[in-house]
Amino acid sequence: MTLQLQENLSLKPYNTFGVEVSARWFAQAHDDAEVREGLATAAGKGLPLMVIGGGSNLLLTRDVEALVLRMASRGARILSDDGVRVVVEAEAGEVWDDFVRWTLEQGLGGLENLSLIPGTVGAAPMQNIGAYGVEIKDVFVSLTALDRQSGELREFDLGECAFAYRESRFKREPERWLILRVRFSLSRAPQLRLDYGPVRQRLAEEGGDTPTPADVSRVIRAIRREKLPDPAILGNAGSFFKNPVVTAGEADALRARFSDLVAYPQGDGQVKLAAGWLIDRAGWKGFRDGAVGVHAQQALVLVNYGGATGAQLYALAGRIREDIRQRFGVDLEMEPNLY
Ligand code: EPU
1 MTLQLQENLS LKPYNTFGVE VSARWFAQAH DDAEVREGLA TAAGKGLPLM
51 VIGGGSNLLL TRDVEALVLR MASRGARILS DDGVRVVVEA EAGEVWDDFV
101 RWTLEQGLGG LENLSLIPGT VGAAPMQNIG AYGVEIKDVF VSLTALDRQS
151 GELREFDLGE CAFAYRESRF KREPERWLIL RVRFSLSRAP QLRLDYGPVR
201 QRLAEEGGDT PTPADVSRVI RAIRREKLPD PAILGNAGSF FKNPVVTAGE
251 ADALRARFSD LVAYPQGDGQ VKLAAGWLID RAGWKGFRDG AVGVHAQQAL
301 VLVNYGGATG AQLYALAGRI REDIRQRFGV DLEMEPNLY
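The sequence shown lines up with residues 1 to 339 when you count with UniProt numbering.
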């Protein structure tokens, strides 16, 4: 196939915040050959290449002076199946949640807690997506990436990806690696993870004795729909800040002042605080200033009510960050990638 280039294209449909900026050049890559063509085209024009997936973890504050390449490769397949352990592979451009549904239809467990996360398969390892007690590192086998410098393909196994909370080697070196496809180890007899938040209780309310991965997925979809705004209706990029990690001493000092502090010990002397709780407690939940605001059901989510610029969203984030620093002495780190 040959890459179809478009000049000065609006990126509004390609970022879930729904921010209006334009890309100097834009194209969609459906296979490895088109990815390589994109790299060569950008180099020929003397422009950087910006790779995007679902645009769900992106804050665009200005027009993009680059060739924006949207990963649009599709497909998922079973690579091996010993009756219990099943290794599956999906192309980078697959919509993450379509892929999760496909694994559940195959009778495979492992990704059910990650249901309804926006974005694509190729973007998932970038920030080691996680929800309801599972991160993709828990089921990850390997991925194939293109080395943008040498043009060679390289495989990365789990140990080589440097996965951490919303972090990976690929996020730290965005100019270097371009993820093409990802492999996961799933199970026909999965160990379900039900201990995060209301998952177990919601399953119990439904009454079934032995929940399946599909049951867990259904419950998590319902919980997410209650708390997180649908980007098709209200522009957003999920959690805007990471949950900050502080020392046990700092957490104790905060708990002395705020007895209802939400904190999760990490087992290494560090404690993760719920940023949503901090922002909520500081009174920002439901705050609105013109076209930008803080979601009324989840204080960690910034929203575009329509027509907001990336700069306005970034400015609101700065105000919240400063307020949290003053009130709690905690520094919040932004989760989406900023351009
Ligand atoms: N909380 C509040 N007020 C709020 C929001 C949260 O008090 O407005 C409290 C909750 O009551 C709860 C705690 O904070 O005790 C944690 O809230 P929640 O379970 O909603 O999760 P979160 O820490 O805010 C994280 C992820 C989400 C993921 C959920 C569920 C991060 C930055 N966010 O949110 O991921 O879906 O857990 O696992 O780690 C994302 O990264 O974009 C994302 C949506």
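C-beta atoms are modelled at their ideal positions from N, C-alpha and C, and glycine is treated no differently.
Q | Neighbour-count burial assignment, T120, 16 or more Cβ in a 10 Å radius | A | Within the sequence shown, the letter at position 120 stands for residue 120. Burial call: buried.
(Q) Using DSSP's beta-bridge definition, name the partner residues of G293. (A) Sequence index remark: in the sequence shown, residue 293 carries index 293 (1-based). Beta-bridge pairing links G293 to R288 and V303.
Q: Work out the CA separation of Q266 and S168 for me, nearest whole Å.
A: If you number the sequence shown from 1, residue 168 lands on position 168. If you number the sequence shown from 1, residue 266 lands on position 266. Going from the Cα of S168 to the Cα of Q266 covers about 18 Å.
**Q.** S187, enclosing beta strand (DSSP E) - first and last residue
**A.** Taking the first residue of the sequence shown as 1, we reach residue 187 at position 187. Its beta strand (DSSP E) spans residues W177 to S187.
Q) Looking only at C-alpha atoms, which of S56, L69, T61 and G55 sits nearest to residue 352? A) The structure shown does not extend to residue 352, since the chain spans only 1 to 339, so no value can be given for it.
Q.
If you measure between the beta carbons of F163 and N113, is that distance less than 8 Å?
A. Start at 1 with the first residue of the sequence shown, and residue 163 comes out as number 163. Start at 1 with the first residue of the sequence shown, and residue 113 comes out as number 113. No, they are not a contact pair.
**Q.** Exposure label - K227; buried when at least 16 CB within 10 Å
**A.** Sequence index remark: in the sequence shown, residue 227 carries index 227 (1-based). Its Cβ having fewer than 16 others within 10 Å, K227 is exposed.
Q.
Do F17 and L59 count as a contact pair if the criterion is CB distance below 8 Å?
A. Mapped onto the sequence shown, residue 59 falls at position 59. Mapped onto the sequence shown, residue 17 falls at position 17. Yes, the Cβ-Cβ distance between L59 and F17 is below 8 Å.
(Q) Rounding to the nearest angstrom, what Cα-Cα distance links G235 and A123 in this structure? (A) As a position in the sequence shown, residue 235 is number 235, starting the count at 1. As a position in the sequence shown, residue 123 is number 123, starting the count at 1. Going from the Cα of G235 to the Cα of A123 covers about 19 Å.
Q) What residue ranges within the segment 220-292 form continuous alpha helix (DSSP H) runs of no fewer than 4 residues, ordered along the chain? A) 248-257 and 275-281
Q.
What does the alpha-carbon distance come out to for the pair E173 and G207?
A. Working through the sequence shown from its first residue, we reach residue 173 at position 173. Working through the sequence shown from its first residue, we reach residue 207 at position 207. Taking the straight line from one Cα to the other gives about 47 Å.
Q. How close, in whole Å, do the beta carbons of A291 and Y314 come, if the pair is a contact with beta carbons under 8 Å?
A. Locating residue 291 in the sequence shown gives position 291, counting from the first residue. Locating residue 314 in the sequence shown gives position 314, counting from the first residue. In fact, because the Cβ distance is near 13 Å, the residues do not count as touching under 8 Å.
Q | With 16 other Cβ atoms within 10 Å as the buried cut-off, status of P13 | A | Residue numbering aside, residue 13 sits at position 13 when the sequence shown is read from its first letter. Result: exposed.
(Q) Assuming contact is defined by CB atoms lying nearer than 8 Å, are A282 and R327 in contact in what I supplied? (A) Sequence index remark: in the sequence shown, residue 282 carries index 282 (1-based). Sequence index remark: in the sequence shown, residue 327 carries index 327 (1-based). Going by C-beta atoms, A282 is nearer than 8 Å to R327.
Q | Closest residue to F241 among S22, R288 and K272 (Cα-Cα distance) | A | One-based indexing of the sequence shown puts residue 241 at position 241. Ranking S22, R288 and K272 by Cα distance to F241 puts K272 first.
Q) Thinking C-alpha only, which one of T247, G249 and E89 is nearest A76? A) Locating residue 76 in the sequence shown gives position 76, counting from the first residue. Selected option, being the one with the closest Cα: E89.
Q. Closest by CA to K171, which one among L146, M126 and Y132?
A. Here residue 171 refers to the residue found at position 171 of the sequence shown. K171 has its Cα closest to that of M126, out of L146, M126 and Y132.
Q.
At a cut-off of 7 Å, would you count E335 as near ligand 1, judging by its Cβ distance to the nearest heavy atom?
A. Along the sequence shown, one-based indexing puts residue 335 at 335. Yes.
Q: Identify which residue in K137, L180, P336 and L153 has its Cα closest to the Cα of G159.
A: In the sequence shown, counting from the first residue as 1, residue 159 sits at position 159. Closest option to G159, Cα to Cα, is K137.
Q | N304: CB within 7 Å of a non-hydrogen atom of ligand 1 | A | Taking the sequence shown and counting its residues from 1, the one referred to as residue 304 is at position 304. No - ligand 1 has no heavy atom lying nearer than 7 Å to the Cβ of N304.
Q: Report whether the distance from the Cβ of W96 to the nearest heavy atom of ligand 1 is below 7 Å.
A: For this step, residue 96 is matched to residue 96 along the sequence shown. Checking the Cβ of W96 against ligand 1 gives no.
(Q) The beta strand (DSSP E) that contains D81, what's its start and end? (A) Translated into positions along the sequence shown, residue 81 becomes position 81. Residues A76 to D81.
Q) Alpha carbon to alpha carbon, how far is V219 from I117? A) Working through the sequence shown from its first residue, we reach residue 219 at position 219. Working through the sequence shown from its first residue, we reach residue 117 at position 117. If I take the Cα positions, the gap works out to 14 Å.
Q) Cβ of G54 versus every heavy atom of ligand 1: is any distance shorter than 7 Å? A) Reading the sequence shown from its first residue, position 54 is the one you call residue 54. No, ligand 1 has no heavy atom inside 7 Å of this Cβ.
Q. With respect to the alpha helix (DSSP H) encompassing T2, which residues constitute its N-terminal and C-terminal limits?
A. Sequence index remark: in the sequence shown, residue 2 carries index 2 (1-based). Careful: T2 lies outside any alpha helix (DSSP H) and carries neither H nor E.
Q. How many Å lie between L111 and G38 at the Cα?
A. As a position in the sequence shown, residue 111 is number 111, starting the count at 1. As a position in the sequence shown, residue 38 is number 38, starting the count at 1. Taking the straight line from one Cα to the other gives about 31 Å.
Q: Give a yes or no on whether the C-beta atoms belonging to V84 and R188 are separated by under 8 Å.
A: Translated into positions along the sequence shown, residue 84 becomes position 84. Translated into positions along the sequence shown, residue 188 becomes position 188. Yes.
Q. Is V271 near ligand 1, with its Cβ less than 7 Å from a heavy atom?
A. As a first step, residue 271 is located in the sequence shown; it is residue number 271 there, counting from the start. Result no, Cβ not under 7 Å from ligand 1.
Q | Closest by C-alpha distance to H295, when choosing among G276, T2 and D268 | A | Your numbering for residue 295 matches position 295 in the sequence shown. Cα-wise, what sits closest to H295 is G276.
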